[in-house]
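Just so we're aligned, residue 440 is where the sequence shown starts under the working numbering, counting upward by one. Glycine residues also receive a C-beta, built at the ideal position from the N, C-alpha and C atoms. Since the structure is predicted, the reported quantities are computational estimates derived from the model, not experimental observations.
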Amino acid sequence: MKKSEIRFSIALDDNKVPEAISWSATDAGPDIHFAKAINIALWDREQVGTMKIDLWTKDMPVDEMKRFVVDNIGSMAENIVTATDDKEMATRMRALCKELSEYLDKQEQGQ
């Protein structure tokens with residue numbers, strides 16, 4: 440059986456706020472990659488619920504954080520249709536993404 444690993448490294452400041460997020464993966468080559476935010480969701484078998492890790496660096500702008508959240512919802516829409524073939528749920532999630540993207544566009548134009 441082939442095994443793959445994903446490793447995250449979080450550099451914290453004195454107040455334990457993330458300053459840098461880096462990651463590497465066995466299937467992503469030898470390089471270390473950097474990110475401003477990570478969003479990890481795990482389904483816990485025993486507790487039958489979601490466990491989440493949401494981290495972002497203190498230099499991530501608010502507008503990028505909002506786009507990151509919308510992108511995550513869009514990605515979940517693709518996941519739900521792939522995993523369950525529930526096209527209606529995916530359609531509703533995509534509609535929410537469109538609505539939120541339009542909202543963010545208006546916010547950015549108002550600045």
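Take the Cβ of residue i as the centre, count every other Cβ of all protein chains shown within 10 Å, and call the residue buried at 16 or more, exposed below.
i      : result
Ala450 : exposed
Ile460 : buried
Ala529 : buried
Met504 : exposed
Met532 : buried
So, helix, strand or coil for residue i, using DSSP?
i      : result
Glu527 : helix
Ser514 : helix
Asp498 : coil
Met504 : helix
Arg484 : coil
Ser443 : coil
Lys455 : coil
Asp493 : strand
Ile460 : strand
Round the Cβ separation of residue i and residue j to the nearest angstrom and send it over; I've been treating them as touching at under 8 angstroms.
i      : j      : result
Leu543 : Val509 : 7 angstroms
Ala464 : Glu444 : 7 angstroms
Phe507 : Ala476 : 5 angstroms
What is the rounded straight-line gap between the Cα of residue i and the Cα of residue j?
i      : j      : result
Asn478 : Met515 : 12 angstroms
Asn518 : Asp452 : 35 angstroms
Glu541 : Asp470 : 36 angstroms
Phe473 : Trp462 : 6 angstroms
Cys558 : Met499 : As displayed, the chain neither begins before 440 nor continues past 550, which places residue 558 out of reach and without an answer.
Lys545 : Glu527 : 27 angstroms
Gly549 : Asp525 : 37 angstroms
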